[in-house]
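See below for the structure under consideration.
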Amino acid sequence: MDYDLFVIGGGSAGVRCARIAAGHGARVAIAEERFWGGTCVNVGCVPKKLLVQAGEYGAFADDAAGFGWIIKKGPHDWGKLIAAKDREIARLNGTYRRLLDNAGATIFDARATFIDAHTLDVGGKRVTAERIVIATGGNPTRLDIPGAELGIISDDAFYLPAMPKRVAILGSGYIAVEFAGIFAALGAHVDLVYRQPLPIRGFDPDLREALAEALTAQGVHLHPSVTPTRIEASGAGRVLHLSSGETIAADLVFFATGRRPATANLGLERAGVSTNEHGAVIVDDQLRTAQPHIYAMGDVTDRLNLTPVATAEGHALADTLFGKRARRISLENVPTAVFSTPPIATVGLTEEQAAARGPVDVYVEKFTPMRHTISGRARRTLMKLVVDQATQKVLGAHMLGEDAPEIMQGLAIAIVCGASKADFDRTIGIHPTAAEEFVTMRTRTRVAGVAQAAE
Ligand code: NDP
42 MDYDLFVIGG GSAGVRCARI AAGHGARVAI AEERFWGGTC VNVGCVPKKL
92 LVQAGEYGAF ADDAAGFGWI IKKGPHDWGK LIAAKDREIA RLNGTYRRLL
142 DNAGATIFDA RATFIDAHTL DVGGKRVTAE RIVIATGGNP TRLDIPGAEL
192 GIISDDAFYL PAMPKRVAIL GSGYIAVEFA GIFAALGAHV DLVYRQPLPI
242 RGFDPDLREA LAEALTAQGV HLHPSVTPTR IEASGAGRVL HLSSGETIAA
292 DLVFFATGRR PATANLGLER AGVSTNEHGA VIVDDQLRTA QPHIYAMGDV
342 TDRLNLTPVA TAEGHALADT LFGKRARRIS LENVPTAVFS TPPIATVGLT
392 EEQAAARGPV DVYVEKFTPM RHTISGRARR TLMKLVVDQA TQKVLGAHML
442 GEDAPEIMQG LAIAIVCGAS KADFDRTIGI HPTAAEEFVT MRTRTRVAGV
492 AQAAE
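In this note's numbering, each residue's number is its place in the sequence shown (first place is 1) plus 41.
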């Protein structure tokens with residue numbers, strides 16, 4: 042065999058796995074056909090957060106007046122922002138490549154496809170490997186409606202030549218609400234069109250409600266409980282037709298309606314690797330596919346599609362196979378954040394999930410953050426703890442508000458360690474912060490779960 046390990050895909054999962062395996066002394070090769078660092082670095086987490094931050098500066102400039110600053114806010118230069126973002130992404134691409142090079146991995150800037158279970162075609166070259174990792178990620182999808190080709194996907198949003206004045210965003214998942222916040226903060230008229238009564242299905246119901254309020258406060262026009270039916274061109278603009286009969290005129294229609302695992306034309310059938318009905322590679326709890334020497338990780342497996350999960354899996358697999366340190370990643374209590382405006386962060390169970398298991402004590406606090414008592418900006422923070430009534434273990438922590446992702450990372454450690462409400466209560470707060478509310482919630486808001494009726 043040419044290599045001990047061949048990794049297909051140079052994204053978060055693949056790069057980490059290749060780098061660590063090579064560091065353990067394995068003969069490693071990795072192929073990437075598009076861009077090093079994958080979705081997260083190029084058309085995902087990293088550029089998205091830079092755009093979120095661009096929006097924040099505009100709002101800070103408005104806030105400053107309340108604090109005595111006399112600031113004249115000029116227009117926003119989209120071209121300058123995108124150029125600065127592109128420079129940073131190019132730097133990160135180089136860093137990823139260099140990390141692999143320094144670790145001693147062989148790098149192929151090419152597409153790799155299976156010829157058989159141990160043989161790959163890598164840009165026209167035949168390569169064999171003892172073990173193979175599929176880490177090809179996923180791609181954004183459009184809905185199957187007439188005129189879908191007139192809409193853009195998130196990959197395109199990072200390279201728009203100009204800031205659109207009117208944007209209609211379809212969906213209300215992570216990408217939809219994050220971009221609604223970005224475009225609104227940069228001055229666009231934003232319509233958010235989604236089929237649920239509230240955005241971000243799957244998150245805690247209080248967070249979903251608070252997010253709908255926050256989006257409205259930011260000036261985003263919400264269109265809940267409708268589906269798009271077709272898109273038409275109207276000059277340089279677009280007309281979006283909805284199931285309600287309503288139409289929305291926009292410069293840009295943006296599909297944020299989910300992502301699909303990138304498994305098409307990889308030759309998986311020639312390797313005996315099985316996929317599910319959505320095209321995701323099926324893996325066991327050790328990331329093994331139907332072929333025990335072929336593994337898959339990250340978004341291509343469509344389980345928890347988050348970068349830190351993918352990198353953790355890549356690292357764990359490399360340690361297990363070549364580092365004599367067998368370990369698996371737990372997908373329980375994985376913290377996550379939505380970089381909406383303001384952001385959301387969460388760890389553990391939602392109230393609904395916890396209540397389905399048994400009685401829970403629920404603590405909710407809603408307040409105006411200190412900064413905005415003076416800035417005058419309509420902004421509310423929501424914090425919530427869901428506590429198992431029998432054991433008093435904290436099962437879930439949820440927040441919508443400034444710095445929520447930064448705060449939740451620390452809380453996630455406590456929850457992973459199994460902290461109880463009493464542990465939270467005996468922790469001294471840091472004053473004055475929003476975060477201190479998490480250790481000063483003394484009055485139960487309600488009881489949920491099976492005991493609800495009894496109380
Ligand atoms: P999501 O799966 O989060 O959201 C998809 C949205 O599209 C939902 O609102 C969904 O509605 C809607 N939708 C799907 N099909 C249809 C349909 N046929 N008609 C109408 N609406 C439809 O996908 P995203 O594209 O936002 O993001 C993909 C994934 O990437 C996320 O789930 C997350 O794992 C990851 N990600 C993580 C980020 C982070 O960590 N901050 C940021 C961005 C992405 P419904 O809810 O009704 O199904």
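Where is the CB? At the ideal position from N, CA and C, for every residue including glycine.
Pairwise C-alpha distance: residue j and residue i
| i | j | result |
| --- | --- | --- |
| residue 364 | residue 239 | 46 Å |
| residue 434 | residue 215 | 28 Å |
| residue 226 | residue 100 | 7 Å |
| residue 461 | residue 406 | 18 Å |
| residue 393 | residue 245 | 7 Å |
| residue 131 | residue 197 | 17 Å |
| residue 188 | residue 75 | 27 Å |
| residue 108 | residue 412 | 9 Å |
| residue 374 | residue 193 | 34 Å |
| residue 475 | residue 469 | 13 Å |
| residue 212 | residue 426 | 28 Å |
| residue 241 | residue 331 | 33 Å |
| residue 494 | residue 441 | Because the pLDDT of residue 494 is 47, which lies under 50, any placement of that residue in the model is unreliable, and the question is left without a value. |
| residue 68 | residue 335 | 16 Å |
| residue 180 | residue 485 | 43 Å |
| residue 237 | residue 243 | 11 Å |
| residue 185 | residue 281 | 14 Å |
| residue 260 | residue 400 | 38 Å |
| residue 77 | residue 168 | 20 Å |
| residue 268 | residue 298 | 11 Å |
| residue 61 | residue 176 | 15 Å |
| residue 114 | residue 270 | 39 Å |
Extent of the continuous alpha helix (DSSP H) run through residue i
| i | result |
| --- | --- |
| residue 134 | 119-144 |
| residue 275 | From DSSP, residue 275 is part of no alpha helix (DSSP H) but of the beta strand (DSSP E) over 269-275. |
| residue 414 | 411-416 |
Burial state of residue i (16 or more Cβ within 10 Å)
| i | result |
| --- | --- |
| residue 371 | exposed |
| residue 219 | buried |
| residue 118 | exposed |
| residue 354 | buried |
| residue 98 | exposed |
| residue 52 | buried |
| residue 58 | buried |
| residue 42 | exposed |
| residue 166 | exposed |
| residue 111 | exposed |
| residue 416 | buried |
| residue 305 | exposed |
| residue 459 | exposed |
| residue 317 | exposed |
| residue 85 | buried |
| residue 54 | buried |
| residue 430 | buried |
| residue 89 | buried |
| residue 209 | buried |
Option in the options with minimal Cα separation from residue i
| i | options | result |
| --- | --- | --- |
| residue 139 | 56, 367, 62 and 299 | 56 |
| residue 9 | 266, 297 and 107 | No answer is possible for residue 9: the residues shown for the chain start at 42 and end at 496. |
| residue 83 | 301, 68 and 136 | 136 |
| residue 158 | 150, 149, 173 and 53 | 173 |
| residue 291 | 313, 262, 316 and 315 | 262 |
| residue 464 | 446, 441, 428 and 487 | 428 |
| residue 16 | 252, 171, 178 and 205 | In the structure displayed, the chain extends from 42 to 496; residue 16 sits before or after that span and is not available. |
| residue 71 | 184, 479, 145 and 94 | 145 |
| residue 152 | 163, 143 and 142 | 163 |
| residue 487 | 403, 126 and 180 | 403 |
| residue 133 | 259, 455 and 79 | 79 |
| residue 388 | 339, 489, 92 and 445 | 445 |
| residue 358 | 348, 350 and 369 | 369 |
| residue 255 | 436, 448, 431 and 408 | 408 |
| residue 466 | 309, 478, 473 and 457 | 478 |
| residue 377 | 449, 48, 398 and 410 | 449 |
| residue 310 | 396, 171 and 154 | 154 |
| residue 50 | 264, 341, 232 and 382 | 341 |
Contact with chain B by residue i, beta-carbon distance below 8 Å
| i | result |
| --- | --- |
| residue 255 | The question asks about chain B, but that chain is absent: this structure has only one protein chain. |
Where the beta strand (DSSP E) through residue i begins and ends
| i | result |
| --- | --- |
| residue 149 | 147-149 |
| residue 335 | 335-337 |
| residue 45 | 44-49 |
| residue 429 | 422-429 |
| residue 406 | 401-408 |
Task: Minimum length 3: unbroken beta strand (DSSP E) runs contained in the segment 283-318 - done: 288-291, 293-296 and 300-302
Task: Every unbroken alpha helix (DSSP H) inside the segment 157-243 [4 residues or more] - done: Entirely contained in the segment 157-243, the alpha helix (DSSP H) runs reaching 4 residues are, in chain order, 195-198 and 215-226.
Open item on the list: List, from N- to C-terminal side, the alpha helix (DSSP H) runs of 4 residues or more that fit wholly inside the segment 441-471.
Closed with: 445-457 and 462-467
TODO: May I have a chain-ordered list of the beta strand (DSSP E) segments no shorter than 3 residues that lie completely inside the segment 367-393?
DONE: 377-379 and 385-389
- [ ] Ignoring anything shorter than 3 residues or poking outside the segment 56-127, list the beta strand (DSSP E) runs there in chain order.
- [x] 69-72
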